[in-house]
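As structure tokens, the structure follows; a few thoughts come after it.
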Amino acid sequence: MQLPVTRLFPAPQRDFPLEGLYLDHDLYSKGRPGKPFVYSNFITSLDGRIAIASEASATHVVPAATANPRDWRLYQELAGQADLLVTSGRYFRQSLLGEAQDELPLGHQQAFDDIREWRSSRGLAPQPDIAIMSSSLNIPLATLEPYRARGIHVVTGENADPGRVAALQDSGIVVLRAGNGVKVNGRQMLHALARLGYRSIYAIAGPAVFHTLLESRIIDRLYLTITQQILGGDSYDTLSRGELLEPVQGMHLVGLCHDPHAPVHAGQLLCIFEPVTQTADSHPSPAHQDRP
Ligand SMILES: NC(=O)c1ccc[n+]([C@@H]2O[C@H](COP(=O)([O-])OP(=O)(O)OC[C@H]3O[C@@H](n4cnc5c(N)ncnc54)[C@H](OP(=O)(O)O)[C@@H]3O)[C@@H](O)[C@H]2O)c1
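The opening position of the sequence shown corresponds to residue 78 in the working numbering, with each subsequent residue numbered one higher.
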């Protein structure tokens with residue numbers, strides 16, 4: 078972790094310590110009451126793999142070749158700034174199989190003590206709350222137990238299975254309705270979460286959840302780690318899955334660092350993108366001029 082990364086954009090090129098690279102973005106303060114700041118993060122190979130099929134697992138998993146502790150540190154820094162994580166029903170089913178990448182952040186390791194201190198110094202709860210997006214409501218209740226100290230919301234559509242809604246509610250889980258059918262509408266979800274007072278929402282689920290957020294145009298920022306590796310394979314997930322976006326979502330590059338130290342024999346690019354909107358200023362905000 079001691080080895081620095083090199084900022085390539087915005088100029089001038091400059092080295093920065095990896096630790097603190099994203100924590101300094103202070104994403105919690107970017108949200109306002111009624112208008113949470115929504116951000117997401119992926120690690121992908123050069124050929125766009127975020128998860129692959131593997132003989133050892135029933136579900137797609139993050140490739141062992143791309144996952145690395147330096148990216149994981151940044152993932153934890155992003156989680157440290159959230160008051161709410163958005164994950165999916167599938168994460169908890171994967172957990173039951175023992176195939177989820179890890180426990181939901183923040184990790185309890187000593188290496189993340191400084192992130193916990195960062196949270197407490199800003200008056201944030203020790204751990205972010207959790208919103209679980211699900212149509213099926215097939216969420217094994219036992220897998221929620223490790224997270225009972227946090228607020229847990231399940232977000233689903235109006236037509237979700239009433240029996241499963243009741244089972245969740247009976248176990249003390251709040252069920253939010255945000256969509257006309259069984260699918261969640263991203264904008265309705267955001268309004269519901271904003272009414273609950275959340276200010277910084279970190280979407281850590283996969284391609285279907287990210288597509289839902291893109292379709293509703295509610296993503297404010299994407300942190301994308303691109304490992305300089307080509308994996309091949311023919312069964313994989315990429316960033317987004319769903320209908321073609323009309324219009325396509327253009328993204329501004331607002332930050333780019335090079336990390337030559339991981340994965341070994343490759344390196345990675347740490348990219349930050351913000352969506353282009355018809356009304357948005359097309360230039361990076363001043364907050365990004367100083368830090369990557
Ligand atoms: N490399 C990376 O950075 C990265 C990041 C995240 C995930 N991943 C990997 O990607 C793979 C897929 O992850 P994932 O399963 O969390 O991804 P996902 O495709 O986003 O989640 C799928 C599930 O989310 C729920 N969902 C999505 N959109 C919804 C909507 N509009 N309304 C209601 N429910 C909705 C559904 O749950 P129900 O089936 O319960 O209805 C659906 O089955 C996993 O292997 C994961 O490890 C990789």
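C-beta: ideal position from N, C-alpha, C; glycine also.
- Item | Simplified DSSP state of H230, which is helix, strand or coil | Within the sequence shown, the letter at position 153 stands for residue 230. In this structure, H230 counts as strand in the three-state DSSP scheme.
- Query: Which of the three DSSP states, helix, strand or coil, is assigned to Q178?
  - Reply: Here residue 178 is taken as the residue at index 101 of the sequence shown, counted from 1. It is coil, neither helix nor strand.
- Message: Contact defined as beta carbons within less than 8 Å: I believe Y116 pairs with R298. What is the distance between those atoms, to the nearest angstrom?
- Response: In the sequence shown, residue 116 corresponds to position 39, counting from 1. In the sequence shown, residue 298 corresponds to position 221, counting from 1. Contact flag correct, Cβ pair sits at about 4 Å.
- Query: Is the closest heavy atom of ligand 1 to the C-beta of P284 under 7 Å?
  - Reply: Taking the first residue of the sequence shown as 1, we reach residue 284 at position 207. Yes - ligand 1 has a heavy atom lying nearer than 7 Å to the Cβ of P284.
- Task: Return the chain-ordered list of same chain residues with a C-beta closer than 6 Å to the C-beta of L253, the five sequence neighbours on each side being excluded.
- Result: Taking the first residue of the sequence shown as position 1, residue 253 is located at position 176. These residues qualify, in order along the chain: H230, V232, A269.
- Query: Helix, strand or coil: which one does DSSP assign to G166?
  - Reply: One-based indexing of the sequence shown puts residue 166 at position 89. G166: helix per DSSP, three-state reduction.
- Looking at I281 and ligand 1, is the gap between the Cβ and the nearest heavy atom below 7 Å? For the purposes of this step, residue 281 is taken as residue 204 along the sequence shown, with counting starting at 1. Because some heavy atom of ligand 1 lies under 7 Å away, the Cβ of I281 counts as near it: yes.
- Task: Mind checking which residues open and close the alpha helix (DSSP H) that includes Q265?
- Result: Locating residue 265 in the sequence shown gives position 188, where the first residue counts as 1. Looking at the DSSP string, the run of the alpha helix (DSSP H) that includes Q265 is 263-272.
- Message: Please give me, in chain order, every unbroken run of the alpha helix (DSSP H) with length at least 4 that falls completely inside the region 273-320.
- Response: 284-292
- Can you tell me whether T164 is buried or exposed, with buried defined as 16 or more other CB within 10 angstroms of its CB? Here residue 164 corresponds to residue number 87 of the sequence shown, with the count starting at 1. Buried.
- Opening and closing residue of the alpha helix (DSSP H) in which A141 lies: Taking the sequence shown and counting its residues from 1, one reaches residue 141 at position 64. Per DSSP, A141 belongs to no alpha helix (DSSP H) and is neither H nor E.
- From the DSSP output, in three-state form, read off G332 for me. The residue you call residue 332 lines up with position 255 of the sequence shown. In the structure shown, G332 sits in a strand (DSSP, three-state: E or B).
- Item | Backbone CA spacing between Y370 and H288 [nearest angstrom] | In the structure as shown, the chain starts at 78 and stops at 369, and residue 370 therefore has no counterpart that could be examined.
- Query: Is the beta carbon of I303 sitting closer than 8 Å to the one on L346?
  - Reply: Position 226 of the sequence shown, counted from the first residue, corresponds to residue 303. Position 269 of the sequence shown, counted from the first residue, corresponds to residue 346. Yes; because the gap between Cβ atoms is below 8 Å, this pair is in contact.
- Would you identify the three-state DSSP class for D206, choosing helix, strand or coil? On the sequence shown, position 129 is the one that residue 206 refers to. In the three-state scheme derived from DSSP, where H, G and I count as helix and E and B as strand, D206 is classed as strand.
- Please go through the same chain and pick out, in chain order, the residues whose beta-carbon is closer than 7 Å to the beta-carbon of G111, but skip the five residues on each side of it. By 1-based counting over the sequence shown, the position of residue 111 is 34. So the list reads A271, once near-sequence residues are dropped.
- Buried or exposed: which applies to Q158, given that a residue is buried once 16 or more other Cβ atoms fall within 10 Å of its Cβ? For the purposes of this step, residue 158 is taken as residue 81 along the sequence shown, with counting starting at 1. When all chains shown are included, Q158 counts as buried.
- Which residue's Cα is closest to the Cα of G108: S277, D179, L267, S248? On the sequence shown, position 31 is the one that residue 108 refers to. Minimum Cα distance to G108 is reached at S277.
- Query: In chain order, what residues of the same chain lie with their CB nearer than 6 Å to the CB of L151, ignoring the 5 residues before and after it?
  - Reply: Taking the first residue of the sequence shown as position 1, residue 151 is located at position 74. Only Y99 meet the Cβ criterion.
- In the structure shown, what three-state DSSP assignment does L214 receive? If you number the sequence shown from 1, residue 214 lands on position 137. In this structure, L214 counts as coil in the three-state DSSP scheme.
- Item | Whole-angstrom C-beta distance between R147 and H338, which should lie under 8 Å | The count along the sequence shown starts at 1 and reaches residue 338 at position 261. The count along the sequence shown starts at 1 and reaches residue 147 at position 70. Going by Cβ atoms, the distance from H338 to R147 rounds to 6 Å, so yes, they are a contact pair.
- Task: Report the three-state DSSP secondary structure of P352 (helix, strand or coil).
- Result: For the purposes of this step, residue 352 is identified with residue 275 of the sequence shown, where counting begins at 1. Of the three classes helix, strand and coil, the one that applies to P352 here is strand, per DSSP.
- Which residues does DSSP pair with S134 in a beta bridge? By one-based count along the sequence shown, residue 134 stands at place 57. BP columns for S134 are empty, so no partner.
- Item | Length of the line joining the Cα atoms of S212 and D103 | Within the sequence shown, residue 212 is the residue found at index 135, counting from 1. Within the sequence shown, residue 103 is the residue found at index 26, counting from 1. As the crow flies, the alpha-carbon of S212 is around 32 Å from that of D103.
- Item | Buried/exposed call for D311, threshold 16 Cβ in 10 Å | The count along the sequence shown starts at 1 and reaches residue 311 at position 234. Answer is exposed; the Cβ neighbour count stays below 16.
- Query: Do you know how far the Cα of L161 is from the Cα of E176?
  - Reply: To locate residue 176, count along the sequence shown from 1; it is residue 99. To locate residue 161, count along the sequence shown from 1; it is residue 84. Straight-line Cα distance between these residues: approximately 23 Å.
- Whole-angstrom distance between N118 and S172, CA atom to CA atom: Position 95 of the sequence shown, counted from the start, is the residue given in the question as residue 172. Position 41 of the sequence shown, counted from the start, is the residue given in the question as residue 118. The alpha-carbon atoms of S172 and N118 are separated by roughly 20 Å.
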